[in-house]
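Q: Quick one: the structure is below, and I'll ask about it shortly.
Residue numbers (our numbering): 821 to 1210.
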């Protein structure tokens, strides 16, 4: 499209508002924060809900990021952002998160993070909703207290169907093989918690962090084996799915992994639920398989099935698959040399070119976790500071 320059009465050149909006929507959010002080017109535009939505849509497709969450020896959280240009940025925490320290990100959706906090002296976990790009934090209302014998799993995600963010707290009984005992769901739109009937979750335990994709939250789990009406044993390893819009749980089969596979990770590939697993080869190499879930059809009589799409050739060092970013498998790596030098390295494996790329993010003493992330301008309606990246 050709841009035509239009002159005002004083002959000062300017661009039409629509063109300015189109240009700004393509820029990283960290730049737009600085542009708030350019003029009142830009400030009003960038802070408008419609512009935030347009910018998020463009960023999700054109500028996907990886957010590395690291915890140091003093329990402080360190965040680094890898952008689509392969540039690493240090993300400065909100002072509230720095103060609380003992926290962990349980999910990322549309640039918003759900942070789980457990401070010494607290009777139970607190939850924060955070947008690290605009450094805005909102403390969420506390849910019903858990009993001392219960552990807690938290999931966070967004459903475009109901246009709502929801948080799921799943309580499990420690004395009873970590069986699910209670489920609470928080709606950001109604700002309230409610308890969900267990239904098919009776006799089910959890064994992973939650992963959000396509309007649902997923966990690895297992169902207590019992006899069905025909006398056959049913149960075993499953994937637990929570539909954010309908608030309904579903149990799905896991892929038929090869013997010795471990370090299973839920992820997404080509907009489908996927599983990454690792098989050790000796003491210094590993093989990674990528399984993708295919939706079943009425003719097949199956609700879903799993297909192994890729087997990543061995790499010198033990790889731990973390997620899929763009068309690359993200892995952490452990070698004797790295452990001796306290190095933290990440491996990217391109599924198309079959090439490995290695780069260092930062040093950390307690490991790190990775989230697919996008810089956004969406507000969370809480405390906000002006500074952002350092």
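For each residue, glycine too, the CB sits at the ideal point set by N, CA and C.
Per DSSP, residue 1125 is paired with what?
A: 1114, per the DSSP bridge assignment.
Q: Pairing CB atoms from the region 1011–1019 with CB atoms from the region 1072–1087, are three or more of them under 8 Å?
A: Result no; under three Cβ-Cβ pairs closer than 8 Å.
Q: Go ahead and pull the three-state DSSP assignment for residue 1015.
A: Residue 1015 falls in the strand class under three-state DSSP.
Q: Would you mind reading off the limits of the alpha helix (DSSP H) that contains residue 838?
A: Element bounds for residue 838: 837–844.
Q: How do the region 1028–1044 and the region 1001–1011 stand: do at least 3 beta-carbon pairs fall below 8 Å, yes or no?
A: Short answer: they don't touch.
Q: Identify whether residue 849 lies in helix, strand or coil by the three-state DSSP scheme.
A: DSSP places residue 849 in helix when its eight states are reduced to three.
Q: Restricting to Cα atoms, I'd like to know which of 1134, 1140, 1172, 1062 is closest to residue 1165.
A: Nearest of 1134, 1140, 1172, 1062 to residue 1165, Cα basis: 1140.
Q: For a quick check, are the C-beta atoms of residue 928 and residue 887 less than 8 Å apart?
A: Closer than 8 Å, so yes.
Q: Would you kindly work out how many angstroms separate the C-alpha atoms of residue 1060 and residue 1172, rounded to a whole number?
A: Taking the straight line joining both Cα atoms gives about 30 Å.
Q: Is the Cβ-Cβ distance between residue 1096 and residue 1085 less than 8 Å?
A: Yes, Cβ-Cβ distance for residue 1096 and residue 1085 is below 8 Å.
Q: Can you round the beta-carbon distance between residue 952 and residue 899 to whole angstroms, since I take them to be within the 8 Å contact cut?
A: Their Cβ separation, rounded to whole angstroms, is 6 Å, which keeps residue 952 and residue 899 in contact under 8 Å.
Q: Which residues share a DSSP beta bridge with residue 1064?
A: DSSP lists no partner for residue 1064.
Q: I'd like the list of long-range same chain contacts for residue 1035, defined as Cβ closer than 8 Å, with 5 residues on each side in sequence excluded.
A: Answer for residue 1035: 977, 978, 979, 980, 981, 1063, 1064, 1065, listed in chain order.
Q: Classify residue 1165 as helix, strand or coil using the three-state DSSP reduction.
A: Three-state DSSP puts residue 1165 in a strand.
Q: Would you kindly report the start and end of the unbroken beta strand (DSSP E) that includes residue 1174?
A: Where residue 1174 is concerned, there is no enclosing beta strand (DSSP E), given that its DSSP letter is neither H nor E.
Q: Spell out the partners DSSP gives residue 959 in its beta bridges.
A: BP columns for residue 959 point to 948.
Q: Taking the CB atoms as reference points, tell me whether residue 1101 and residue 1107 lie closer together than 8 Å.
A: Yes.
Q: State yes or no: is the C-beta of residue 1099 within less than 8 Å of the C-beta of residue 1112?
A: No, these two residues do not count as a Cβ contact at 8 Å.
Q: Taking the alpha helix (DSSP H) that residue 873 belongs to, which residues open and close that run?
A: Segment 869–882, the alpha helix (DSSP H) holding residue 873.
Q: For the 8 Å Cβ check, are there 3 or more pairs between the region 1128–1148 and the region 843–859?
A: Because the criterion of three Cβ pairs below 8 Å is not met, the region 1128–1148 and the region 843–859 do not touch.
Q: Nearest CA to the CA of residue 1032: which residue from 1008, 985, 1011?
A: Nearest of 1008, 985, 1011 to residue 1032, Cα basis: 985.
Q: Does the beta-carbon of residue 1210 have 16 or more other beta-carbons within 10 angstroms, so that it is buried, or is it exposed?
A: Only weak support exists for where residue 1210 lies, its pLDDT of 26 falling under 50; the value from the coordinates is given anyway. Residue 1210 comes out exposed.
Q: According to DSSP, which residues form a beta bridge with residue 973?
A: Residue 973 pairs with 990.
Q: For residue 838, does the count of other Cβ atoms within 10 angstroms reach 16, so buried, or fall short, so exposed?
A: Flag for residue 838 reads exposed.
Q: Give the secondary structure of residue 1074 by DSSP, where H, G and I count as helix, E and B as strand, and everything else as coil.
A: Three-state result, residue 1074: coil.
Q: Go to residue 933, then tell me how far its alpha helix (DSSP H) extends in each direction, as first and last residue.
A: Per DSSP, residue 933 belongs to no alpha helix (DSSP H); it is in the beta strand (DSSP E), 932–937.
Q: In whole angstroms, what is the alpha-carbon distance linking residue 931 and residue 991?
A: Each residue's Cα considered, the two are about 27 Å apart.
Q: Determine the DSSP secondary structure at residue 1091, reduced to helix, strand or coil.
A: Three-state result, residue 1091: coil.
Q: Check residue 766 in the structure and name its three-state DSSP category.
A: Residue 766 lies beyond the residue range present for the chain, which begins at 821 and ends at 1210; the question has no answer from this structure.
Q: My output table needs one value for residue 1153: the three-state DSSP class, helix, strand or coil.
A: Residue state, collapsed to three classes: strand.
Q: Just the Cα atoms here: how many angstroms apart are residue 943 and residue 1028?
A: Caution applies to residue 943, whose pLDDT of 45 falls short of 50 and renders its modelled position unreliable; the value that the coordinates give is listed next. Rounded to the nearest angstrom, the two C-alpha atoms are 24 Å apart.
Q: Tell me the DSSP bridge mates of residue 863?
A: Answer by DSSP bridge pairing: none, since residue 863 is not bridged.
Q: Hey, quick one: how far does the beta strand (DSSP E) through residue 909 stretch, first residue to last?
A: Residues 908–911.
Q: Within a Cβ cutoff of 6 Å, which residues of the same chain sit near residue 974, ignoring the five residues on either side of it in sequence?
A: Counting only Cβ-Cβ distances below 6 Å, and skipping sequence neighbours, we find 926, 936, 989.
Q: Per DSSP, residue 1141 forms a beta bridge with which residues?
A: DSSP output for residue 1141 lists 1151 as bridge partner(s).
Q: Identify whether residue 1020 lies in helix, strand or coil by the three-state DSSP scheme.
A: DSSP places residue 1020 in helix when its eight states are reduced to three.
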